[in-house]
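Numbering (my numbering), first residue to last: 55 to 263. Backbone N, C-alpha and C fix where the C-beta goes; we use that ideal spot for every residue, glycine too. Structure first, commentary second.
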Amino acid sequence: MTPHFELEKAAGGMVAGIDEAGRGPLAGPVVAAAVVLGEGHIPAGIDDSKKLTARRRAALFEALFEHARSGTVQIGVGQASVAEIGALNILGASLLAMRRAVCALDRLPDFALVDGNRMPDLPCPARTVVKGDATSLSIAAASIIAKVTRDRIMTRLARDFPAYGWEKNAGYGTRQHREALSLVGPSPHHRKGFKLFDESKRQQLSLNT
């Protein structure tokens, strides 16, 4: 399935697509984006961020922001911190990040299309769209902005916490990441709600080193 602009046309007016990145990782914030595309000013090749290579995502990220600078696209980005994820749970934090992304737009949209089946508390009318990043061009664009923004955040954090390999795994629970957790324990950027590592294993590793 290729994303299209039919849902935006049907809604009418200024329509924002909303998506998030980072619900599954063990570390780092959850990031959401809201994107308003101008028909006739849509960068070619926009698709669900998961279907794109990192290089293609980065190119489309830059293209979308170039259009934003010319005023033909609007982009809003919001995030929820590790502390907010701990306080609200990951779903609640994701919905909060989505609201912040919409509020970060230059002006509020007339309508919003939200990826998934849970509705955030938005300051505009909206509908949810299951698998929206594969259906709506605006949601697909938001998925690219959210994914690249979050990956870059994790790459910056990796400079101060190099053991976990965040520049490669973006905080997801890869083998390298989990082994680092067993060796050195969690950082301040790890989400406290996950069972991050086996404490007994870590103690044994400490005795053997």
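When the alpha-carbon of THR182 is set against those of ALA141, ALA65, THR56, the nearest one is in ALA65.
In this structure GLY225 is in contact with GLY82, their Cβ atoms being roughly 4 Å apart against a cut-off of 8 Å. C-alpha of GLU93 to C-alpha of PRO216: approximately 43 Å in a straight line.
In the three-state scheme derived from DSSP, where H, G and I count as helix and E and B as strand, SER190 is classed as strand. Taking C-alpha positions only, ASP205 is separated from PRO79 by approximately 11 Å. The way I'd put it, the segment 84-103 does touch the segment 190-208; three or more beta-carbon pairs between them come closer than 8 Å. Restricting attention to beta strand (DSSP E) runs no shorter than 3 residues, the segment 109-144 encloses them at 127-134, ordered along the chain. In the same chain as THR126, and ignoring 5 residues on each side of it, the C-beta atoms closer than 7 Å to its own belong to GLY92, HIS95, in chain order. If you ignore the 5 residues before and after MET68, its C-beta comes within less than 7 Å of the C-beta of VAL90, PRO163, ASP164, all in its own chain and listed in chain order. Within the same chain, Cβ atoms closer than 8 Å to the Cβ of ARG110 are found at GLY99, the five residues on either side in sequence being excluded.
Bounds of the alpha helix (DSSP H) holding ARG232 are 229-238. The residue among ASP101, ARG77, SER241, MET55 with its C-alpha nearest the C-alpha of ILE193 is ASP101. The Cβ-Cβ distance between CYS157 and PRO174 does not fall below 8 Å. In this structure, DSSP gives ASP160 a state outside helix and strand, which the three-state scheme calls coil. ARG153 and GLY132 do touch by the CB rule: their CB atoms are close to 7 Å apart, below 8 Å. Cβ atoms of ALA70 and ALA188 stay farther apart than 8 Å, at about 18 Å. Beta-bridge pairing by DSSP links ILE72 to ALA88, VAL168.
Sequence-distant partners of PHE59 (beyond 5 residues in either direction) whose C-beta falls short of 7 Å from its own C-beta, in its chain, are GLU93, LEU191.
Looking at the DSSP output, HIS58 bridges to SER190.
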